[in-house]
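Report on the structure given below.
There are 2 protein chains.
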Amino acid sequence: MSTCAPGPPPAASQRHPAVAVTVDVLLLTVRNGRLCILLVQRANPPFEGCWALPGGFVEVDEDLEDAAYRELAEETGLQDLPASMYLEQLKTYGAPDRDPRMRVVSVAYVAMAPDLPVPRPGSDARIARFWAVNDLEGPDGLRLAFDHRLIVADGVERARSKLEYTTLGAAFLEEPFTLTELRRIYEEVWGVRLDPSNFRRKVLSIPGFVTPLGEQATASTSGRPPELYRRGEARILWPPLKRPSGDEPPSPGEED
Amino acid sequence: MSTCAPGPPPAASQRHPAVAVTVDVLLLTVRNGRLCILLVQRANPPFEGCWALPGGFVEVDEDLEDAAYRELAEETGLQDLPASMYLEQLKTYGAPDRDPRMRVVSVAYVAMAPDLPVPRPGSDARIARFWAVNDLEGPDGLRLAFDHRLIVADGVERARSKLEYTTLGAAFLEEPFTLTELRRIYEEVWGVRLDPSNFRRKVLSIPGFVTPLGEQATASTSGRPPELYRRGEARILWPPLKRPSGDEPPSPGEED
DNA sequence: GCAAAAGTGTTGACTGTACACCCATGT
DNA sequence: ACATGGGTGTACAGTCAACACTTTTGC
């Protein structure tokens, strides 16, 4: 019976097909009440001048997730990523013809973060900016390089789904925040209207979703000043917050 | 404004780090009432003699999913995979040290299928057999090559989660089947007991989950002969079939 | 006072669970 | 007859959506 050990170090690497591995990052944020994603304009062929997800080759000794963080920082000039940022693996895209240069398998990541400063061009001088997801969807939407439109669709769906059964909606907000601000995140990401009172009850009924600060916002507009909250320790939402609209099933999501 | 076209064909491929891409397949089935996975015994270093998931290098012009099907067939001698088999991408594993030979990024797939014939050794003479998932879990479980133990854990959790909100439980059964057989799949995969009457009501209340044949099984054991069903067209289960046990949250799943 | 936004209370529909009960068959 | 597993009925508890209502602010 084997003890299941790696055995002696190999003498030489065996042959394998020439396939490149990249990471692509879909950074989602809510700016001015709109769900937005970060895109960079490509400076080189192929798809020169096209908008694309930030991404690039994985280094030989680099973990995939580290590569995602690195590319995000390099290509967008966003050096200080917010501590509350969330990043998870989305899916791997490997159609043989997705890159005209060669066979490229891309591991896509989704990130969610509060509104960020307007990104400076990255180290390789590409322009980076946020685009509203609305401007990409539909047949007349902005065209993206490679299969990035598909990745965006999958990633946005993943985010919509994650909001149902995790507390990640709060990752889109700077602390402190109000329950109305949190509700507007849900409404924008899902594209629906939610009953304020029922939303409030639901959020507060989940222990650790949000923590009350016991303070009120200084009234900026007419109406009663809202109470302020920060993110709690809970990560899972149980029972889930379901998106309305008939009683259709949630879209299938690819994921952890 | 760019029209977002790939542009002229590239002159030469640019340099990229030497990273190999493989697929690994976690085939789940229920044999003799036990949730089992298919493993192959490695014939070559590293981890010679260890049990591992079937898998191998992706060919240069091969789609990832095609590679998963090919490896499954090649390494297990299972040439005629059942039509009802389900296969989906699980997650990509790319820790820099997961393979001692070189940098290997592996795209893992999960498959679910009815009980299959005992696999013949694959084309490269490796032994293939099914192992009960129970025999792998826990600190005294079978040790697997590479990080395959982690992949198995993630994949089993994915399957448990999929049973909650999809009709995939029926993918484990040969048609026709009875509702009790379907219930036993759920009970085994989740490791719980379910109330037969409530399970029945739930399954039948989902349009298209199962289709009654209008026949009864020829009584093989004592008791009333059950009615027979085949899989329906529905893929999504709404509302979901929740696993019991307190009201704990479902484990987070990585997936579509 | 009035408008506006935050927050509370109440009700009815629906879902899931537990469990008592009936049905059809082998022995 | 009776044990065994299939299948039906029912009643209680929890959750959610709808919406009326109260509170606290700016103007």
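The listed protein sequences correspond, in order, to chains W and Y.
Quick note: to get the numbering used here, add 766 to the position in the first sequence (first position is 1).
Quick note: to get the numbering used here, add 766 to the position in the second sequence (first position is 1).
We treat Cβ as the ideally placed atom computed from N, Cα and C, and that holds for glycine.
1) Report yes if the CB atom of V796/Y is closer than 8 Å to the CB atom of Y875/Y, and no otherwise.
2) Among the residues of its own chain, which have a CB less than 7 Å from the CB of G907/W, if the five just before and after it don't count?
3) Would you report the Cα separation of G921/W and M878/W, rounded to the nearest angstrom?
4) Would you kindly check if the distance between the Cβ of W897/W and the Cβ of C802/W is under 8 Å?
5) Please confirm if the segment 842-860 of chain Y is in contact with the segment 857-874 of chain W, defined as three or more CB-CB distances below 8 Å between the two stretches.
6) With a 10 Å radius around its C-beta and 16 neighbouring C-beta atoms as the bar for buried, classify V791/Y as buried or exposed.
7) P991/W and Q982/W look like a contact to me (Cβ under 8 Å); what is the Cβ gap, rounded to whole Å?
8) Can you name the residues of chain Y whose CB is closer than 7 Å to the CB of P775/W?
9) Only counting the same chain, and skipping five residues up and downstream in sequence, which positions put a Cβ closer than 7 Å to that of P776/Y?
10) What do you get for W1004/Y, buried or exposed, if any count of 16 or more other CB atoms within 10 angstroms of its CB means buried?
11) Under a Cβ-count criterion, where at least 16 other Cβ atoms within 10 Å of its own Cβ denotes burial, should T946/W be classed as buried or exposed?
12) The beta strand (DSSP E) with E903/W in it runs from where to where?
13) Rounding to the nearest angstrom, what Cα-Cα distance links R966/W and L847/W in this structure?
14) Near S850/W, what residues of its chain come up, given a Cβ to Cβ distance below 6 Å and the 5 sequence neighbours on each side ignored?
15) In its own chain, which residues sit with a C-beta less than 8 Å from the C-beta of S741/Y, not counting the 5 before and 5 after it?
16) I need the DSSP call for L970/Y, collapsed to helix, strand or coil.
17) In terms of alpha-carbon separation, which member of G989/Y, R1001/Y, A1000/Y, N964/Y lies closest to P1010/Y?
18) Using the rule of at least 16 other Cβ atoms within 10 Å of the residue's Cβ for burial, across every protein chain shown, is K1008/Y buried or exposed?
19) If the criterion is Cβ atoms closer than 8 Å, does the pair L838/Y and L844/Y meet it?
20) Hey, how far is the Cα of A894/Y from the Cα of R909/Y?
21) Going along chain Y, which residues have a C-beta under 9 Å from P811/W?
22) Among S986/Y, R864/Y, A1000/Y, R997/Y, whose alpha-carbon lies nearest the alpha-carbon of E828/W?
23) As a quick exercise: from I951/Y, P811/Y, V824/Y, pick the residue whose alpha carbon is nearest that of A786/W.
24) Would you kindly report the start and end of the unbroken alpha helix (DSSP H) that includes G723/Y?
25) Go to T946/Y, then tell me how far its alpha helix (DSSP H) extends in each direction, as first and last residue.
26) Listing by chain order, which chain Y residues have their CB less than 9 Å from the CB of D913/W?
27) Going along chain W in order, which residues have a C-beta closer than 8 Å to the C-beta of E930/Y?
28) Nearest-angstrom Cα distance between E1020/W and L794/W?
29) Decide if V976/Y is buried, meaning its Cβ has at least 16 other Cβ atoms within 10 Å, or exposed.
30) When DSSP labels each residue in this structure, what does S986/Y get in the three-state scheme?
31) So, at 6 Å on beta carbons, what are the nonlocal neighbours of H914/W in its own chain, with the 5 sequence-adjacent residues on each side left out?
32) Per DSSP, which one or two residues make a beta bridge with L801/Y?
33) Got a sec, what are the start and stop residues for the beta strand (DSSP E) A877/Y sits in?
34) Taking 8 Å as the threshold (beta carbon to beta carbon), is R909/W in contact with chain Y?
35) Can you find a C-beta in chain W that's less than 8 Å from the C-beta of E828/Y?
36) Leaving aside the five residues before and after I1002/W along the sequence, list all residues of the same chain whose C-beta is less than 7 Å from its C-beta, in chain order.
To lay it out plainly:
1) no
2) In chain order, D901 place their CB closer than 7 Å to the CB of G907/W, counting only its own chain and leaving out the 5 sequence neighbours on each side.
3) 10 Å
4) Yes, these two residues count as a Cβ contact at 8 Å.
5) yes
6) buried
7) 4 Å
8) P866
9) By the criterion of a C-beta distance shorter than 7 Å, P776/Y is surrounded by no residue of its chain, once the five residues flanking it on both sides are discounted.
10) exposed
11) exposed
12) First-last for E903/W: undefined, no H or E at that position.
13) 30 Å
14) Counting only Cβ-Cβ distances below 6 Å, and skipping sequence neighbours, we find A937.
15) Not covered by the structure: residue 741/Y. The range shown for chain Y is 767 to 1022.
16) helix
17) Residue N964/Y holds the alpha-carbon nearest to the alpha-carbon of P1010/Y among G989/Y, R1001/Y, A1000/Y, N964/Y.
18) exposed
19) L838/Y places its beta carbon less than 8 Å from that of L844/Y.
20) 16 Å
21) The contacting residues are P772, G773, P774, P776.
22) R864/Y
23) V824/Y
24) The shown model of chain Y, from 767 to 1022, leaves out residue 723/Y, and the question about it has no answer.
25) 945-956 is the extent of the alpha helix (DSSP H) around T946/Y.
26) Going along chain Y, no residue has its Cβ under 9 Å from D913/W, so there is no contact; the nearest lies around 12 Å.
27) Going along chain W, no residue has its Cβ under 8 Å from E930/Y, so there is no contact; the nearest lies around 11 Å.
28) Confidence at E1020/W is low in this model, with a pLDDT of 49, below 50, so its placement is unreliable and no value can be given for it.
29) So V976/Y ends up on the buried side.
30) coil
31) Hits under 6 Å: A818, L819.
32) DSSP, once it has assigned bridges, lists V796/Y as partnering L801/Y.
33) First-last of the beta strand (DSSP E) with A877/Y: 870-878.
34) yes
35) yes
36) Y931, T932
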